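Heads up: the structure comes next, in structure tokens.
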Amino acid sequence: MKIIINKFVTPALILIAGMFLGWLFFHNGSSETENSGNTSEVEKTIWTCSMHPQIRMEKFGLCPLCAMDLIPLSSETSAAVNVDAIKMTEEAIQLANVSTSIVAKMKAMKDVRLFGKIQADERLVQTQSAHIAGRIEKLFVNFTGEKVNQGQVIASIYSPELVTAQNELLELLKMKNFQKNIIEASRQKLRQWKLSDAQIEEIEKSGIAKTGFEIKATTSGIVISKNVNVGDYVSQGMSLYEITNLSSVWALFDAYETDLPWIKIGDKIDFTVQSLPGKKFSGTISFIDPVINSGTRVSKLRLEVNNSAGELMPEMFVTGNLMANLKNFDNSIVIPQSAVLWTGKRSIVYIKLPDTDEPTYQMREVTLGPSLGGSYVITQGLKEGEEIVTNGAFSIDASAQLAGKPSMMNMEVSDNDAEIKTYELKVFGNCSMCKDRIEKAVKSLYGIKSASWDMKTKMLTIDYYPDNTVIEKVHKEVAKVGHDTEKEKAADDVYNALHECCKYRPE
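Here the sequence shown stands for residues 2 to 508, where the numbers follow the working numbering.
Structure, rendered in structure tokens:
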């Protein structure tokens with residue numbers, strides 16, 4: 002019986018012992034591998050603050066600025082198709098109201114908006130003058146704005162010279178044997194004072210000289226200026242009234258010198274007036290003032306407009322639109338103005354990259370042509386068929402900036418032929434917040450290609466374009482954000498405002 006027990010028990014114990022040792026060995030190895038993987042994952046995880054995305058910490062904790070719990074910002078979350086591209090979730094796109102459109106070529110039409118006034122046609126303004134010296138006895142037109150018709154009596158004048166000339170004619174007529182040519186000369190003298198043949202004949206028949214001479218309107222129109230009153234003495238040729246015919250008027254528009262290259266004689270302008278809402282008028286440009294006003298920097302455009310209905314009155318404000326065809330830019334790429342972001346000398350747009358799992362965008366520099374009002378002609382930087390962001394580009398740029406991607410605020414100088422130099426300077430600081438603050442301050446300067454600060458050595462290394470960078474400005478910009486350099490010291494009030502973990506000066 003003992004032999005049988007030993008025969009089965011011993012192998013069973015050996016088998017159990019082997020299984021236990023195998024479990025122990027593989028369990029420990031698996032744990033180490035798992036722990037190693039977790040450690041690697043922890044090492045890759047960057048913790049940030051949802052309220053202050055500039056905070057970057059290597060372990061979980063509280064935000065040093067607002068004491069909120071940090072959230073993980075893993076490398077997977079910020080990964081993109083390439084280094085410069087930025088990914089956004091569908092929710093973020095909806096919140097930022099991002100919309101895109103396909104780039105296409107079209108006929109470049111510039112919408113020029115113009116402002117001006119209605120003015121009387123200067124060619125239709127006439128002066129009603131006194132044809133003989135005398136005293137104004139009566140005025141039949143007493144105020145400006147009154148309408149007169151040609152041949153209408155507008156004033157009565159007493160002239161001693163006219164009375165004398167009439168008496169001379171009557172005396173000559175009494176002398177039967179007097180030469181007829183002398184009588185005709187006397188009549189001609191009266192005609193020069195604008196007496197009609199009918200009036201002269203009436204004087205001859207009555208045999209009595211008239212003391213009052215009627216002045217009749219020589220044109221029809223509106224009185225725009227009244228220059229005399231009853232009792233005034235006037236000389237021959239003196240202006241009594243100014244009368245203009247408003248059946249045709251001018252529309253004078255102000256055109257800025259930047260718009261003049263796109264405007265030419267013969268272009269059509271549609272315009273409206275405030276007093277007649279909903280009604281449109283139009284005319285063609287008949288004259289462009291060749292001289293720019295030195296004060297307003299504008300040139301006058303003139304339209305001749307038919308005003309037979311009398312709806313347009315001088316000094317009315319008008320608003321016009323001119324669609325100028327830019328023949329030099331026919332079949333050009335045109336994009337909305339809202340798609341363009343400006344960075345001083347440069348203009349950028351955001352391209353939506355094709356064939357990506359998530360919406361992915363990349364910044365691209367473009368060269369702008371003429372402005373078309375609400376759009377721009379693009380001369381370089383885009384191809385037909387590409388998809389660009391037309392609304393929400395600034396939100397995408399802000400996301401790129403927070404993610405450390407190239408953006409309109411940290412664009413590098415794109416002169417490939419320029420010489421790049423390296424410069425090192427000592428900058429005092431303590432933590433990753435200091436590093437972020439220092440590098441951002443330096444990168445904001447024009448001409449800086451890159452900037453990197455080492456927390457251990459306290460050395461800031463910059464790559465810069467010497468033609469566009471002043472090194473003294475680097476020291477001053479760093480000191481301005483609260484960090485001493487080897488040449489500049491930060492102001493005490495700026496330094497004291499730093500977070501406690503950033504203060505580096507000995508107490």
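Built from N, CA and C at the ideal position, the CB exists for glycine as well. It should be emphasised that the depicted structure is a prediction, and the values quoted were computed from it without experimental measurement.
**OP:** Let me know the secondary structure DSSP gives A121 once reduced to three states.
**Re:** Looking up residue 121 in the sequence shown gives position 120. Correct three-state label for A121: strand.
Subject >> Cα-Cα separation, L277 to N307 >> reply: For the purposes of this step, residue 277 is taken as residue 276 along the sequence shown, with counting starting at 1. For the purposes of this step, residue 307 is taken as residue 306 along the sequence shown, with counting starting at 1. Whole-angstrom Cα-Cα distance: 16 angstroms.
Subject >> Cβ contact (3+ pairs, closer than 8 angstroms) linking the region 425 to 442 and the region 484 to 498 >> reply: Contact check between the region 425 to 442 and the region 484 to 498: three or more CB pairs, one atom from each, fall below 8 angstroms, which counts as touching.
Original post:
Which residues share a DSSP beta bridge with W251?
Top reply: Looking up residue 251 in the sequence shown gives position 250. Bridge partners of W251: Q120, E305.
**OP:** Report the three-state DSSP secondary structure of Y505 (helix, strand or coil).
**Re:** Taking the first residue of the sequence shown as 1, we reach residue 505 at position 504. Of the three classes helix, strand and coil, the one that applies to Y505 here is coil, per DSSP.
Subject >> Backbone secondary structure at A452 - three-state DSSP >> reply: Taking the first residue of the sequence shown as position 1, residue 452 is located at position 451. Correct three-state label for A452: strand.
**OP:** Would you kindly work out how many angstroms separate the C-alpha atoms of R303 and L163, rounded to a whole number?
**Re:** Taking the first residue of the sequence shown as position 1, residue 303 is located at position 302. Taking the first residue of the sequence shown as position 1, residue 163 is located at position 162. If you draw a straight line from the Cα of R303 to the Cα of L163, it comes to about 45 angstroms.
Original post:
Using a Cβ-Cβ cut-off of 7 angstroms (strictly less than) and excluding sequence neighbours within five positions of T145, which residues of its own chain qualify?
Top reply: Within the sequence shown, numbered from 1, the residue matching residue 145 stands at position 144. Same-chain partners within the cutoff: V224, I225, S226, K227.
Subject >> Where F26 falls, given that 16 or more other Cβ within 10 Å makes a residue buried >> reply: One-based indexing of the sequence shown puts residue 26 at position 25. Confidence at F26 is low in this model, with a pLDDT of 49, below 50, so its placement is unreliable and the value that follows should be read with caution. With fewer than 16 other beta carbons inside 10 angstroms of its own, F26 counts as exposed.
Subject >> DSSP beta-bridge partners of Q1 >> reply: The structure shown does not extend to residue 1, since the chain spans only 2 to 508, so no value can be given for it.
Original post:
Are the beta-carbon atoms of W263 and V113 separated by less than 8 angstroms?
Top reply: Counting from 1 along the sequence shown, the entry for residue 263 is found at position 262. Counting from 1 along the sequence shown, the entry for residue 113 is found at position 112. In this structure, W263 places its C-beta atom within 8 angstroms of the C-beta atom of V113.
Subject >> As assigned by DSSP and simplified to three states, the class of E243 >> reply: Mapped onto the sequence shown, residue 243 falls at position 242. Under the three-state reduction of DSSP, E243 is assigned to strand.
**OP:** Using alpha carbons as the reference points, say which of D493, W454, I449, I421 lies closest to C432.
**Re:** Counted from its first residue, the sequence shown places residue 432 at position 431. It is W454 whose Cα lies nearest to the Cα of C432.
Original post:
Pick from T391, C503, S130: whose alpha carbon is nearest that of Y351?
Top reply: Locating residue 351 in the sequence shown gives position 350, where the first residue counts as 1. Closest option to Y351, judged by alpha-carbon separation, among T391, C503, S130: T391.
Subject >> Best match in S295, S300, G279 for proximity to I289 [C-alpha to C-alpha] >> reply: Stepping through the sequence shown from its first residue, residue 289 is reached at position 288. A check of alpha carbon separations from I289 across S295, S300, G279 identifies S300 as the nearest.
Original post:
When the Cβ atoms of the region 187 to 199 are set against those of the region 243 to 261, are three or more pairs found closer than 8 angstroms?
Top reply: Between the region 187 to 199 and the region 243 to 261 there are fewer than three C-beta pairs closer than 8 angstroms, too few to call the two in contact.
Subject >> Closest residue to K488 among H476, E385, V495 (Cα-Cα distance) >> reply: Locating residue 488 in the sequence shown gives position 487, where the first residue counts as 1. The option with the nearest alpha carbon to K488 is H476.
Original post:
Taking the beta strand (DSSP E) that Q200 falls in, what are its first and last residues?
Top reply: The sequence position of residue 200 within the sequence shown is 199, counting from 1. Per DSSP, Q200 belongs to no beta strand (DSSP E); it is in the alpha helix (DSSP H), 198 to 207.
Original post:
With V471 and V428 assumed to form a contact (beta carbons below 8 angstroms), what rounded beta-carbon distance in angstroms separates them?
Top reply: Working through the sequence shown from its first residue, we reach residue 471 at position 470. Working through the sequence shown from its first residue, we reach residue 428 at position 427. Contact check for V471 and V428: beta-carbon distance about 17 angstroms, past the 8 angstroms limit, so the pair fails to qualify.
Original post:
Are Q338 and Y377 closer than 8 angstroms when you measure CB to CB?
Top reply: Taking the sequence shown and counting its residues from 1, one reaches residue 338 at position 337. Taking the sequence shown and counting its residues from 1, one reaches residue 377 at position 376. Yes.
Original post:
With a CB to CB cut of under 8 angstroms and the five nearest residues on each side skipped, what residues in its chain are close to F116?
Top reply: Indexing the sequence shown from 1 puts residue 116 at position 115. So the list reads F254, D255, F318, V319, T320, G321, once near-sequence residues are dropped.
Original post:
V341 to A399, Cα distance in whole Å?
Top reply: Here residue 341 refers to the residue found at position 340 of the sequence shown. Here residue 399 refers to the residue found at position 398 of the sequence shown. One C-alpha to the other measures close to 14 angstroms.
**OP:** Inspect the beta-carbon positions of P315 and Q120 and report whether they are closer than 8 angstroms.
**Re:** Numbered from 1 along the sequence shown, position 314 holds the residue referred to as residue 315. Numbered from 1 along the sequence shown, position 119 holds the residue referred to as residue 120. In this structure, P315 places its C-beta atom within 8 angstroms of the C-beta atom of Q120.
Original post:
Hey, out of L247, R347, L170, M239, whose CA is closest to K148's CA?
Top reply: Position 147 of the sequence shown holds residue 148. Among L247, R347, L170, M239, the Cα nearest to that of K148 is on L247.
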